[in-house]
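1 is the number of the first residue of the sequence shown in the working numbering; add one for each residue after it.
Glycine included, each C-beta is placed from N, C-alpha and C at the ideal position.
These notes are about the structure you will find just below.
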Amino acid sequence: IAIKESAKVVDQAQRRVLKGVDDLDFFIGDEAIEKPTYATKWPIRHGIVEDWDLMERFMEQVIFKYLRAEPEDHYFLLTEPPLNTPENREYTAEIMFESFNVPGLYIAVQAVLALAASWTSRQVGERTLTGTVIDSGDGVTHVIPVAEGYVIGSCIKHIPIAGRDITYFIQQLLREREVGIPPEQSLETAKAVKERFSYVCPDLVKEFNKYDTDGTKWIKQYTGINAISKKEFTIDVGYERFLGPEIFFHPEASWFEFCTLSFANPDFTQPISEVVDEVIQNCPIDVRRPLYKNIVLSGGSTMFRDFGRRLQRDLKRTVDARLKLSEELSGGRLKPKPIDVQVITHHMQRYAVWFGGSMLASTPEFYQVCHTKKDYEEIGPSICRHNPVFGVMS
């Protein structure tokens with residue numbers, strides 16, 4: 001959100017008294033980035049709201065300017081990140097019921113909606129709200145176990161690697177080799193290369209050999225336009241195609257001998273497959289098999305080609321090695337039942353949370369579980385601390 005420096009960003013009660021012309025003059029999204037004379041602020045960091053005053057303004061513009069909706073006429077479904085505090089739900093309820101006067105509100109957990117979105121690739125009888133969600137966006141990656149629609153909060157793991165880190169990594173690789181990239185466009189170029197050309201490889205050594213033996217087949221070219229001179233520039237995209245996403249699977253080996261790179265969190269060395277395995281092993285024993293069987297990907301940073309296939313292969317190896325060790329330790333007396341590991345990919349993966357929300361909000365059951373304005377006035381904002389879980393859609 002971009003605001004005038006003179007705008008008074010104070011608490012809600014004061015803002016209503018002090019509201020002036022400058023407070024109505026603000027922009028959000030791409031428009032905010034294009035306003036150099038305005039102060040750019042982020043009301044949300046790592047999925048958690050930090051500035052509720054700015055958040056209210058943000059929602060005001062989303063509802064009235066972009067959705068062109070009258071909030072009094074619509075029930076609202078909002079989403080929250082894992083481990084969001086009950087107090088944040090209360091603040092959200094106050095804004096929606098008091099500032100926007102909505103008739104009903106439901107606050108859903110993002111992981112549950114991502115599970116619902118995965119139903120698009122399943123038969124009706126296979127639909128379930130039990131599974132492990134890997135949610136990876138631009139700033140953060142979470143591994144979230146869900147049992148019958150309820151998040152197992154004590155087992156959630158956070159991975160300090162996400163899309164932004166991959167972009168920075170590719171930027172550094174390109175900066176060391178390609179001199180033709182305008183410095184002020186290096187990050188933008190790295191992001192475009194990541195989104196257009198990157199993929200996950202099954203074997204690093206074989207992949208290096210492919211590029212070394214037949215570079216013309218695998219090396220791609222990216223053409224950009226210099227924002228200042230308006231001239232075209234062209235760069236070769238080689239190892240960056242597979243080295244970027246590889247930091248999910250080999251965070252400890254992301255600085256190969258040919259490059260001297262620093263990373264956002266050099267202390268984190270655990271591959272994503274091991275993190276997922278650890279999360280599921282920390283869960284109650286009776287839900288572990290269903291959690292392995294339904295691993296759902298969500299978010300833009302899971303969209304790399306073959307990401308799901310590589311994760312399933314690595315995780316299957318870890319699980320099979322544990323079963324084999326159990327059999328050896330028992331002297332062959334125990335024969336563990338094989339564990340089915342399935343990573344689910346689908347075409348709505350990038351927007352899984354939004355799509356899952358739209359699916360659930362379209363059901364008649366949604367209106368039954370929403371908190372109404374009447375309930376809010378009788379009980380208060382604490383009513384939104386708990387939101388009933390939807391049943392499995394039939």
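Endpoints, the alpha helix (DSSP H) within which residue i is located
i: valine 279; result: 272-281
i: isoleucine 170; result: 163-177
i: glycine 215; result: 215-218
i: tyrosine 91; result: 86-94
i: tyrosine 292; result: 288-293
For residue i, the residue or residues it bridges with in DSSP
i: tyrosine 376; result: Bridge partners of tyrosine 376: none, in fact.
i: serine 298; result: Asp135
i: proline 145; result: Thr132
i: leucine 105; result: Phe76 and His371
i: histidine 158; result: His142
i: valine 49; result: Ile44
i: tyrosine 199; result: Arg305
i: phenylalanine 26; result: Ile3
i: isoleucine 344; result: Val296
i: glutamine 221; result: Asp236
i: tyrosine 150; result: Ala147
i: alanine 39; result: Ile3
Spatial distance of residue i from residue j (CA atoms)
i: leucine 105; j: leucine 129; result: 21 Å
i: arginine 385; j: histidine 371; result: 10 Å
i: isoleucine 28; j: glutamate 126; result: 40 Å
i: proline 251; j: leucine 311; result: 14 Å
i: glutamate 246; j: isoleucine 161; result: 11 Å
i: isoleucine 228; j: proline 36; result: 17 Å
i: glycine 137; j: aspartate 165; result: 11 Å
i: serine 394; j: glutamate 178; result: Its pLDDT being 38, under 50, serine 394 is placed unreliably by the model, and nothing is read from it.
i: aspartate 135; j: lysine 206; result: 29 Å
i: valine 389; j: valine 275; result: 27 Å
i: leucine 325; j: valine 143; result: 26 Å
i: lysine 231; j: methionine 96; result: 49 Å
i: isoleucine 285; j: tyrosine 211; result: 45 Å
i: methionine 348; j: glycine 357; result: 12 Å
i: valine 200; j: phenylalanine 242; result: 6 Å
i: leucine 407; j: valine 341; result: Past the boundaries of the shown model lies residue 407; the chain is included only from 1 to 394, so the question cannot be answered.
i: leucine 360; j: glycine 149; result: 13 Å
i: isoleucine 107; j: glutamate 365; result: 14 Å
i: serine 330; j: tryptophan 354; result: 48 Å
i: histidine 346; j: aspartate 306; result: 12 Å
i: alanine 32; j: valine 151; result: 35 Å
Burial state of residue i (16 or more Cβ within 10 Å)
i: asparagine 101; result: exposed
i: arginine 194; result: One point to set straight first is that residue 194 is lysine, not arginine, in the sequence displayed. With 16 or more Cβ atoms within 10 Å of its Cβ, lysine 194 is classed as buried.
i: asparagine 294; result: buried
i: tryptophan 119; result: buried
i: arginine 57; result: buried
i: serine 154; result: exposed
i: glutamate 378; result: exposed
i: tyrosine 38; result: buried
i: glutamate 343; result: What sits at residue 343 in the sequence shown is valine, not glutamate. Classification of valine 343: buried, given that the 10 Å Cβ count is 16 or more.
i: threonine 269; result: exposed
i: glycine 332; result: exposed
i: asparagine 387; result: buried
i: isoleucine 1; result: buried
i: glycine 20; result: Note that glycine 20 scores a pLDDT of 46, beneath 50, so its modelled location is shaky; the value from the coordinates is reported in the next line. Burial call: exposed.
i: histidine 380; result: According to the sequence shown, residue 380 is glycine rather than histidine. The residue is exposed, with fewer than 16 neighbouring Cβ atoms inside 10 Å.
i: alanine 69; result: exposed
i: leucine 115; result: buried
i: serine 298; result: buried
Which of helix, strand or coil DSSP assigns to residue i
i: glycine 356; result: helix
i: isoleucine 63; result: helix
i: alanine 116; result: helix
i: aspartate 236; result: strand
i: proline 381; result: helix
i: valine 389; result: coil
i: isoleucine 339; result: coil
i: aspartate 267; result: coil
i: glutamate 432; result: With the chain running from 1 to 394 in the structure shown, residue 432 is simply not present.
i: glutamate 70; result: coil
i: glutamine 123; result: coil
i: phenylalanine 248; result: coil
i: arginine 317; result: helix
i: isoleucine 364; result: First, the residue type needs correcting, since residue 364 is proline and not isoleucine in the sequence shown. Here proline 364 sits in helix by DSSP.
i: leucine 83; result: coil
i: isoleucine 285; result: helix
i: serine 186; result: helix
i: alanine 192; result: helix
i: alanine 227; result: coil
i: phenylalanine 97; result: helix
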